[in-house]
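Inspection log for the structure reproduced underneath, given as structure tokens.
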Amino acid sequence: MHFRNILWNLVGLGLPLLIAALTVPKLLTLIGSERFGFLALAWGLIGYAGALDLGIGRAITQRISVLRGGADNEQIPDVVATAIRITLVTGGVGMFLIVIAALSGAYRLIHADTVPAAEIELSMLLLGLALPMQAISASYRGVNEAYLNFKSISVLRIFLGAANFGAPFLVALYTKEVHWLVATLVLSRCLALVFYRRCAHHCMAKEGHIRRGNYGRQFAQSLLQFGGWFTISSVVSPFLVQADRFFVGALISASAVTLYVIPYEVTVQTLLFVGAVTTVAFPVITNLIHSAPQQAAATFHLWLYRVTGLMLVLMTVLAFVMPYLLRLWIGPQVTEVSVWVGQILCIGVFFNAIGAMYFALLHAYGKTKMTAMLHLVELPFFIAALYVLISHYGVVGAAVAWVLRMAVDTLALVVMARIIKEQKIIGLSEPELRGTHE
226 MHFRNILWNL VGLGLPLLIA ALTVPKLLTL IGSERFGFLA LAWGLIGYAG ALDLGIGRAI
286 TQRISVLRGG ADNEQIPDVV ATAIRITLVT GGVGMFLIVI AALSGAYRLI HADTVPAAEI
346 ELSMLLLGLA LPMQAISASY RGVNEAYLNF KSISVLRIFL GAANFGAPFL VALYTKEVHW
406 LVATLVLSRC LALVFYRRCA HHCMAKEGHI RRGNYGRQFA QSLLQFGGWF TISSVVSPFL
466 VQADRFFVGA LISASAVTLY VIPYEVTVQT LLFVGAVTTV AFPVITNLIH SAPQQAAATF
526 HLWLYRVTGL MLVLMTVLAF VMPYLLRLWI GPQVTEVSVW VGQILCIGVF FNAIGAMYFA
586 LLHAYGKTKM TAMLHLVELP FFIAALYVLI SHYGVVGAAV AWVLRMAVDT LALVVMARII
646 KEQKIIGLSE PELRGTHE
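When you read off a place in the sequence shown, starting at 1, and then add 225, the result is the number in this note's numbering.
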């Protein structure tokens, strides 16, 4: 694993965070807490839309990583074409469901005092357009990751970060209507799809895969076999991540979402280093499994230790400076409750960092069924915890529920890895790290 690839990932994840830090306070002042709450829900829904690729994005990264350099590398164009066909269909289905939900009055589930219902309904219809683009983009991003094209991915992430926060801010200078703010998010996803596609085809052409691929049933079965169980994770996991803010909006108010989301984003964005590592680790370890299994295990443990140490220090410091950081960022309107939320979430983020490493490892070995079953088991308990804790303790209760889920999730992932070790399915014994190549 080269530091260069991780560094590009850090740049791609870190600069959008800087853009958010500069624009969110002004955006909140311009449009008010209730409209900002709806915009935060739109960000969450677009993030959830990535689940509509049915795990194909992850599967195509795994499959191409195996095929590259092998005797069957000529299958790559067909694998890509098959993946795009599948995600086009699933994204279209998602768009249809969102449109039906909007026309059926689902927007009334969120309490709003100052935002007209027509704005919310139109915003939902616009978000529906983003779903197919987001799903197909996930497949093309998977192709880029398989070819370790993290530079292009990082450039695109910077653009999306600017569009996510900067574009709504620019529009808010002229209008506060939610649907115009959401329209900027949809447009940015359209441009991102074009860019991802172009970069993916460029990577393929560099290795001689220039022919037009064809849909193949056997390739679809192979992708869906890997992505089938990951599909459950890709649907349930984003809900587990985003459900807290939706429950806050439904059980309290859209304004309360703002109280929760601001410290949440400050805390969770620190996972950018972990995301940079796991994104690079997945295709690298997948490839090493077939060429150097011991080196795959060594690489995993080396980066697990590094991630754990760094996140322990970072979360401890962040918890102490949270009151000053939020007041410096947002201003005097920051409440003590928001500070508590941020400090509590620091604990969950630390657990999540460790869990993310084991999650990537299990998927590199194709153990998507195990993680999917875990998410299915977690779902009803997490929903119950959210309902009970939010009802009794408000947004602080939502933070506690999120931390509890992260702790349980990480513990379960570690146990799964040990079970696999005992069954000798994969080698997770402590490696001799001195020979590890980065």
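Just so you know, even glycine gets a beta-carbon here, dropped at the ideal spot from N, CA and C.
Item                                                                                                                                                                   : Value
By DSSP, does D634 sit in helix, in strand, or in coil?                                                                                                                : helix
Since L496 and V574 are thought to touch, with beta carbons under 8 Å apart, how far apart are those beta carbons, to the nearest angstrom?                            : 6 Å
Alpha carbons only, please: which of G262, T504, I477 is nearest the one belonging to Y372?                                                                            : T504
If I measure Cβ to Cβ from A265 and keep anything under 6 Å in the same chain, skipping five residues before and after, which residues do I get?                       : V482, V486
With 16 as the cutoff for other CB atoms within 10 Å, does E561 come out buried or exposed?                                                                            : exposed
Taking only three categories from DSSP, how would you classify V340?                                                                                                   : coil
Near L476, what residues of its chain come up, given a Cβ to Cβ distance below 7 Å and the 5 sequence neighbours on each side ignored?                                 : I615, S616
Looking at the structure shown, is P241 part of a helix, part of a strand, or coil, going by DSSP?                                                                     : helix
Tell me, to the nearest whole angstrom, how far the beta carbon of L638 is from that of G580; I am working on the premise that it is less than 8 Å.                    : 5 Å
Use the C-beta contact count for G330: other C-beta atoms within 10 angstroms, 16 or more gives buried, fewer gives exposed.                                           : exposed
I555 by DSSP, collapsed to three states: which one?                                                                                                                    : coil
In whole angstroms, what is the alpha-carbon distance linking A417 and L385?                                                                                           : 7 Å
Can you tell me whether G269 is helix, strand or coil according to DSSP?                                                                                               : helix
Along the chain, where does the alpha helix (DSSP H) containing Q568 start, and where does it finish?                                                                  : 561-589
In terms of alpha-carbon separation, which member of W233, L313, L240 lies closest to E370?                                                                            : W233
Apart from the five residues just before and just after A425, which ones in its own chain have a Cβ nearer than 6 Å to its Cβ?                                         : Y365, V368, N369
So, helix, strand or coil for A430, using DSSP?                                                                                                                        : helix
For G660 and T541, what's the separation of their Cα atoms in angstroms?                                                                                               : Residue placement at G660 is poorly supported in this model, since its pLDDT is 35, which falls under 50; the coordinates are not used for a value here.
Could you check if P241 is buried or exposed, using at least 16 other CB atoms within 10 Å of its CB as the buried criterion?                                          : buried
May I ask you to report which of helix, strand or coil DSSP gives L398?                                                                                                : coil
Whole angstroms are fine: how far does the CA of I383 sit from the CA of A397?                                                                                         : 21 Å
Is it buried or exposed, C428, if we count other Cβ atoms within 10 angstroms and call 16 or more buried?                                                              : buried
Which term fits A585, buried or exposed, when burial requires 16 or more other beta carbons within 10 angstroms of its beta carbon?                                    : buried
In the DSSP assignment, find the alpha helix (DSSP H) that holds K376 and state where it starts and stops.                                                             : 375-386
For G272, does the count of other Cβ atoms within 10 angstroms reach 16, so buried, or fall short, so exposed?                                                         : exposed
Does the pairing of the region 603-614 with the region 305-314 give three or more beta-carbon distances under 8 Å?                                                     : no
Evaluate I644 with the Cβ neighbour count: other Cβ atoms within 10 Å of its Cβ, from every protein chain shown; 16 or more gives buried, anything less gives exposed. : exposed
In the structure shown, what three-state DSSP assignment does D469 receive?                                                                                            : helix
Cβ atoms of M320 and G280: under 8 Å apart, would you say?                                                                                                             : no
So, at 7 Å on beta carbons, what are the nonlocal neighbours of E344 in its own chain, with the 5 sequence-adjacent residues on each side left out?                    : E402, V403, H404
Buried or exposed: A245, going by 16 or more other Cβ atoms within 10 Å of its Cβ?                                                                                     : buried
Between the alpha carbons of P656 and I289, how many angstroms are there, rounded?                                                                                     : Caution applies to P656, whose pLDDT of 39 falls short of 50 and renders its modelled position unreliable; the value that the coordinates give is listed next. C-alpha separation (whole angstroms): 27 Å.
Compare the beta carbon distance of T593 and F464 with 8 Å and say whether it is the shorter of the two.                                                               : no
Determine the DSSP secondary structure at K702, reduced to helix, strand or coil.                                                                                      : A query on residue 702 cannot be resolved here, the shown segment of the chain reaching from 226 to 663 and no further.
Mark R333 as exposed unless 16 or more other C-beta atoms lie within 10 angstroms of its C-beta, in which case mark it buried.                                         : exposed
Going by C-alpha distance, which of L537, R630, P250 is nearest S550?                                                                                                  : Per the sequence presented here, residue 550 reads as Leu, with Ser not at that position. Of the candidates L537, R630, P250, the one whose C-alpha sits nearest the C-alpha of L550 is P250.
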